[in-house]
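Read the structure below first, then the notes.
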Amino acid sequence: MAEYVEVDVRGLSCPEPVLLAMDAMQDHPGKLIRVLGDEAHTRKNIEKMLEYENKSGQTTVRPDGCFEIVFQA
């Protein structure tokens, strides 16, 4: 089973979710990062950040309406 660094950004306002995801990426190079969020604009902003950083992530929308994005730092 893969170990993740989990970043829970549910309920946070921009730009904090993107900054926390970037901090996790910088603090844990090579690790898998899982970002949990609940706002569509947060998801889009994190996906844009990953694109800017030339990283790819896998986004999943959960049954509770939240999303998770998993990517390698």
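With the UniProt record's numbering applied, the sequence shown covers 1 to 73. Cβ coordinates follow ideal geometry from the N, Cα and C atoms, glycine included. If you're wondering where the values come from, they're calculated on a predicted model, not measured in any experiment.
Spatial distance of residue i from residue j (CA atoms)
i	j	result
Arg-43	Val-61	10 Å
Pro-29	Ala-73	5 Å
Glu-16	Val-9	8 Å
Ile-7	Phe-71	Looking at the sequence itself, residue 7 is Val, so the reference to Ile does not match. Cα to Cα, Val-7 sits roughly 12 Å from Phe-71.
Glu-47	Gly-57	8 Å
Reduced DSSP category for residue i - H, G, I as helix; E, B as strand; rest coil
i	result
residue 125	Residue coverage of the chain in this structure runs from 1 to 73, which leaves residue 125 outside it and unanswerable.
Asp-8	strand
Glu-47	helix
Glu-16	helix
Asp-27	helix
Residue(s) in a DSSP beta bridge with residue i
i	result
Gln-58	Val-70
Distance between beta carbons of residue j and residue i, contact taken as under 8 Å
i	j	result
Asn-45	Cys-66	Incorrect: roughly 15 Å between the Cβ atoms, too far for contact.
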